[in-house]
Amino acid sequence: MITTSKYFTSCSNVTLLVILQFGIVLLSGNCLGSVHAIDQLIKNQDLTLKEMHFSYDKLKIYNISNHVFYWLYTREQPNGQLLNRSDPSMIKSTNFNVKNPIKILVHGWLGSFYEKKCFCAHIVKAYLQAGSYNVICVDWMQLSFDLMYVSAKINVKYIGYDIAKVLKILTNNMKVGSENIHLIGHGMGAHIVGYTGKKLNGQIPRITGTYMSSVFFKKCNS
């Protein structure tokens, strides 16, 4: 059985600077505890992104596809292979096996797939020990390391849509069956995979969210 419990005890202490509409709040502590503190701080504020007048179209800070990367891990190549998303045959030159199940992993806010003890590395290791899988880690670290939590939140939908584009390439051009795809997101990444599933009109049979972020998500419509 694969579990994420080890991950939750391994996050190092961080200091989170959260810029909100009503000011700047400095929170110190472990990465999970700080998010709890933020949630407690604003739970009675009735704030949503709509009310805060944030607009992705107005920001136009990022071309999402230039800041999201896809790394394939298999038993044959456990160190990872960067997929060339501009190539319609992106997996032909890799160790991707169309017969094996596909696990798509998405980290959360201030997350990374480089750290040995955090989400992606832990889950990749667990799956490759358990069986033969195509494990793809979605690296959106360049966008997740935005200390302005709201800015990172605004990108969530569009990162989810970007993942959907890549999965369409796999399923359409490479004849990979969507029934073999399992999306797994942690924290803010859980909402990202939710948007991916919605964009693909329910074609993904299994979507899992672990420790889903609630800040600015509870009352936001997709």
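Sequential numbering from 738 applies to the sequence shown in the working numbering.
We put the CB at the ideal spot given by N, CA and C, even for glycine.
Remember, it's a predicted structure, so these values are computed and weren't measured experimentally.
Please say whether residue 904 and residue 875 have beta carbons closer to each other than 8 Å? No. Outside cutoff.
Where residue 866 and residue 860 are concerned, what is the direct C-alpha to C-alpha distance, given to the nearest angstrom? In a straight line, the C-alpha of residue 866 is about 10 Å away from that of residue 860.
For chain C, is any of its Cβ atoms less than 8 Å away from the one on residue 810? The question asks about chain C, but that chain is absent: this structure has only one protein chain.
Would you say the segment 925-934 touches the segment 892-904, given that touching needs at least three Cβ pairs under 8 Å? The answer is yes - the segment 892-904 touches the segment 925-934, with three or more Cβ pairs under 8 Å.
Under a three-way DSSP split, which group does residue 820 fall into? DSSP places residue 820 in coil when its eight states are reduced to three.
Give the straight-line distance between the Cα atoms of residue 813 and residue 822, rounded to the nearest whole angstrom. The straight-line gap from Cα to Cα measures roughly 21 Å.
Beta strand (DSSP E) containing residue 946: first to last residue? Note, residue 946: beta strand (DSSP E), 943-947.
6 Å CB neighbourhood of residue 907 in its chain, flanking five on each side removed: Excluding sequence positions up to five before and after residue 907, its CB lies within less than 6 Å of the CB of 913, all in the same chain and listed in chain order.
Measuring alpha carbon to alpha carbon, tell me which residue in 828, 919, 825, 910 is nearest residue 864. It is 919.
Using the three-state DSSP reduction, which class does residue 856 fall into: helix, strand or coil? If DSSP states are grouped into helix, strand and coil, residue 856 belongs with the helices.
Within a Cβ cutoff of 6 Å, which residues of the same chain sit near residue 926, ignoring the five residues on either side of it in sequence? Within the same chain, and ignoring the five residues on either side of residue 926 in sequence, the residues whose Cβ sits closer than 6 Å to its Cβ are 843, 844, 845.
Rounded to whole angstroms, how far is the Cβ of residue 899 from the Cβ of residue 826, which I believe are closer than 8 Å? Contact between residue 899 and residue 826 does not hold, since their C-beta atoms are separated by about 19 Å, which reaches or exceeds 8 Å.
Exposed or buried, residue 817, counting other C-beta atoms within 10 Å across all chains shown (16 or more means buried)? Classification of residue 817: buried, given that the 10 Å Cβ count is 16 or more.
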